[in-house]
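J.: Read left to right, the sequence shown gives residues 12 to 346 (the working numbering).
Backbone N, C-alpha and C define an ideal beta-carbon position, used for all residues, glycine too.
Quick one: this structure, given as C-alpha cells, is what I'll be asking you about.
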Amino acid sequence: MGKLCSFLENHKRSFPIGLSGNTGMGYILTGGISPLSRSKGLAIDQILEIKGFWGNGKEFHLLRPNTKKELTYEWKALCGAAIFLGIITQVKLKTQPLRPLLSWTANLSFAQLSECINQAESWPNSLSLQWIYGDDIFAHAIGEIKNAEDEPVLIKLLERLPFSRNRIINKFNNMKALPNLSLGNNNNNNLNHSEVLGLLGPAWQEKNQQVLKILKELINKRPNKSCYIASQQLGGLTHLNDLDTSFIHRDATWKPWINGAWEAHDQAKRKRTLEWMKECWNNLEFICPGVHLAQIHPHLEWHKKELSSAFKDWLPNLQQIKAIYDPRNIMPPLK
Ligand SMILES: Cc1cc2nc3c(=O)[nH]c(=O)nc-3n(C[C@H](O)[C@H](O)[C@H](O)COP(=O)(O)OP(=O)(O)OC[C@H]3O[C@@H](n4cnc5c(N)ncnc54)[C@H](O)[C@@H]3O)c2cc1C
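As C-alpha cells, then:
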C-alpha cells in the first residue's frame, strides 16, 4: 500500500490505505479500513474490476455492477470474502485527488481517552480517531483538508481534544508519511509471537464509561506487556451501502482490535494469551457484535465463531458459493 501511495502521489492522486504502508493486497481484499474511510468508504468500495482464478482453477474477470439490479453473488462475495474463494491477480481501483492531511497525536489519560471517543463520535466524516491502549494510551486523529475553509474547522476540533503530554498537530502530504499508531514497545520483535482479532460495533455514546471500564480491567490483567487493545473509527461513507458487499457491518463506528502477544515458542503462555483474547472478545461482544476478518484464524477453535460474527446471515450463501468455486477447499476454510 505504501508503494501504491508513492506511485499515486506522482500523479497527484491517492488511495485510502490503512494505518500501515506495509500491508499488501490482503488489505484491499479484506475490507480495507482506512483513517479516511469515513469520507472515502472502504478499500473494497474502490474496486472497479477484479481478475483472478477461483479455487477450482477457472479464471474470472468481473466488472463492478452499475446498479443493484446488476449485482451478482460473485461480485458481492469477492468484495470482502475473496481470500476464501480464489487468488486475485489484478484489481482496477478508483483513486482520489491527493489532498493534505492533518494529524493530531498525543498521549492520554484514561479519562481523556473517554472524552476523545465522545468528541470523535460527533465529528464530521473528514476526521477520524484511532487509539491504542496498553502500557500507555496513545491516540492519533487524522483529517483530510478538502479546501481552505476546512482547515481551521478541523484544527478547532483537534484543539478541543484533551491530552496529557506530547501533543503534536502536523500536516502531511500523504497517508504513508503519517506517524505510526504504536506504543513504541510493540514492534514485532522476534521474541514475541502474536494473534490479532478485529471487532466491529456501533458508537459507544452513553455506554462510553461502561466500555472503558471493561477495557481498563482487561488491560490490567493482560498476560504480556505487548498485549494491547486499539481501535479505528468508521462511520460516514463507510456506512455507504449502494452495492452490497461481504462487509456486512456497514453500521459500525468502531473497530477495536485485540492484540494478543506471548513469548515465542512458549505454549503455556500462548494458551494464556489466547484465553485473555477470548475474555476480551466475550466482554466486548455486547458493544462489538461484529468481526472484521482482516486476520483469519483457521488454526484456532474460534474460527467458526469469527466466520459467523463476520458474515452473519450471508455466511450460508458464501458457503454455497465456495462449494461451487472452491469445492476442494484449496483456499482458507469457510466452516
Ligand atoms: C501494521 C499493520 C497495520 C494494519 N492496519 C490496517 C488498517 O488500518 N486497516 C485494515 O483494514 N487492516 C489493517 N491491517 C490488517 C491487514 O490489512 C490485514 O492483515 C491484511 O490481510 C494484510 O494483507 P497482506 O496482503 O499484507 O498480508 P498477507 O498475510 O499476505 O495476506 C493476508 C490474507 O490475504 C490473503 N491474500 C493476500 N493476497 C491475496 C490475493 N492476491 N488473492 C487471494 N488472497 C490473498 C492471504 O492468503 C491471507 O489469507 C493492518 C495490519 C498490519 C500488520
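Taking DSSP's pairing of strands, which residues face residue 102 in a bridge?
T.: Residue 102 is bridged to 61.
J.: Per DSSP, what are the beta-bridge partners of residue 24 in this structure?
T.: For residue 24, which the question treats as bridged, DSSP gives the partners 108.
J.: In chain order, what residues of the same chain lie with their CB nearer than 8 angstroms to the CB of residue 233, ignoring the 5 residues before and after it?
T.: Once the five neighbours on either side are set aside, the close Cβ partners of residue 233 are 145, 239 and 287.
J.: Return the chain-ordered ranges of every alpha helix (DSSP H) run that is complete within the stretch 291–330 and spans a minimum of 4 residues.
T.: DSSP runs (the alpha helix (DSSP H)) wholly in the stretch 291–330: 314–322.
J.: For residue 289, which residues from the same chain have a beta carbon less than 8 angstroms from its beta carbon, with the 5 sequence-adjacent residues on both sides left out?
T.: So the list reads 313, once near-sequence residues are dropped.
J.: Based on DSSP bridge pairs, tell me the residues matched to residue 205.
T.: Paired residue(s): 272.
J.: For residue 340 and residue 96, I'd like the C-alpha separation in whole angstroms.
T.: Rounded to whole angstroms, residue 340 to residue 96 spans 8 angstroms at the Cα level.
J.: Since residue 182 is in the alpha helix (DSSP H), which residue starts that stretch and which ends it?
T.: Not the alpha helix (DSSP H): residue 182 falls in the beta strand (DSSP E), residues 176–183.
J.: Could you tell me if residue 253 is buried or exposed, where buried requires 16 or more neighbouring beta carbons within 10 angstroms of its beta carbon?
T.: It is exposed - the Cβ of residue 253 has fewer than 16 other Cβ atoms within 10 Å.
J.: Could you give the DSSP three-state label for residue 71: helix, strand or coil?
T.: Of the three classes helix, strand and coil, the one that applies to residue 71 here is strand, per DSSP.
J.: Is it right to say residue 78 is buried, meaning 16 or more other beta carbons lie within 10 angstroms of its own, or is it exposed?
T.: Exposed, since its Cβ has fewer than 16 Cβ neighbours within 10 Å.
J.: Identify, in the order they occur along the chain, each residue of the same chain with its Cβ nearer than 6 angstroms to the Cβ of residue 116, setting aside the five sequence neighbours on each side.
T.: Answer for residue 116: 151, 179 and 190, listed in chain order.
J.: Would you mind stating whether residue 195 and residue 267 have Cβ atoms separated by less than 9 angstroms?
T.: Not in contact: residue 195 and residue 267 (Cβ atoms no closer than 9 angstroms).
J.: Just to check my reading of the structure: residue 273 and residue 235 have Cβ atoms closer than 8 angstroms, yes? What is that Cβ distance to the nearest angstrom?
T.: That belief holds up - the Cβ atoms of residue 273 and residue 235 are roughly 5 angstroms apart, short of 8 angstroms.
J.: Compute the Euclidean distance between the alpha carbons of residue 141 and residue 255, then round it to the nearest angstrom.
T.: If you take the alpha carbons of residue 141 and residue 255, they lie about 26 angstroms apart.
J.: Looking only at C-alpha atoms, which of 155, 121, 271 and 310 sits nearest to residue 203?
T.: If we check each option's Cα against that of residue 203, 271 comes out closest.
J.: Using a threshold of 9 angstroms, state whether the C-beta atoms of residue 73 and residue 62 are closer than that.
T.: Contact: yes.
J.: Taking only runs that begin and end inside the stretch 33–62, name each unbroken alpha helix (DSSP H) of 4 or more residues, in chain order.
T.: Counting only runs of 4 or more, we get 36–40 and 48–51.
J.: My assumption, with CB atoms under 8 angstroms, is that residue 347 sits in contact with residue 49. Please give the rounded CB distance.
T.: Nothing can be reported for residue 347, as the shown portion of the chain is limited to 12 through 346.
J.: What would DSSP say about residue 340, mapped onto helix, strand or coil?
T.: Residue 340: coil per DSSP, three-state reduction.
J.: Below 8 angstroms, how does it come out for the stretch 299–310 and the stretch 327–334: are there three or more Cβ pairs, yes or no?
T.: Short answer: they don't touch.
J.: Sorted by chain position, which residues of the same chain lie with C-beta nearer than 7 angstroms to residue 302's C-beta, five sequence neighbours on each side aside?
T.: Counting only Cβ-Cβ distances below 7 angstroms, and skipping sequence neighbours, we find 209, 210, 211, 317, 320 and 321.
J.: DSSP three-state call for residue 212: helix, strand or coil?
T.: Looking at residue 212 - three-state DSSP - the assignment turns out to be strand.
J.: Please classify residue 148: does DSSP put it in a helix, a strand, or coil?
T.: If DSSP states are grouped into helix, strand and coil, residue 148 belongs with the strands.
J.: Got a sec? Which residues, its chain only, sit under 7 angstroms from residue 18 by beta carbon, not counting five neighbours each side?
T.: Counting only Cβ-Cβ distances below 7 angstroms, and skipping sequence neighbours, we find nothing.
J.: Closer than 8 angstroms to a non-hydrogen atom of ligand 1 - does that hold for the CB of residue 92?
T.: No.
J.: Would you kindly work out how many angstroms separate the C-alpha atoms of residue 93 and residue 329, rounded to a whole number?
T.: Each residue's Cα considered, the two are about 10 angstroms apart.
J.: Apply the 10 Å Cβ neighbour rule to residue 68 and answer buried if 16 or more other Cβ atoms are within range, or exposed otherwise.
T.: Exposed: under 16 other Cβ atoms inside 10 Å.
J.: What residues in its chain sit with their C-beta under 6 angstroms from that of residue 162, if we drop five residues either side in the sequence?
T.: Cβ within range, chain order: 156.
J.: Ligand 1 and residue 288: does the residue's C-beta get closer than 8 angstroms to at least one heavy atom of that ligand?
T.: Outside the cutoff, so no.
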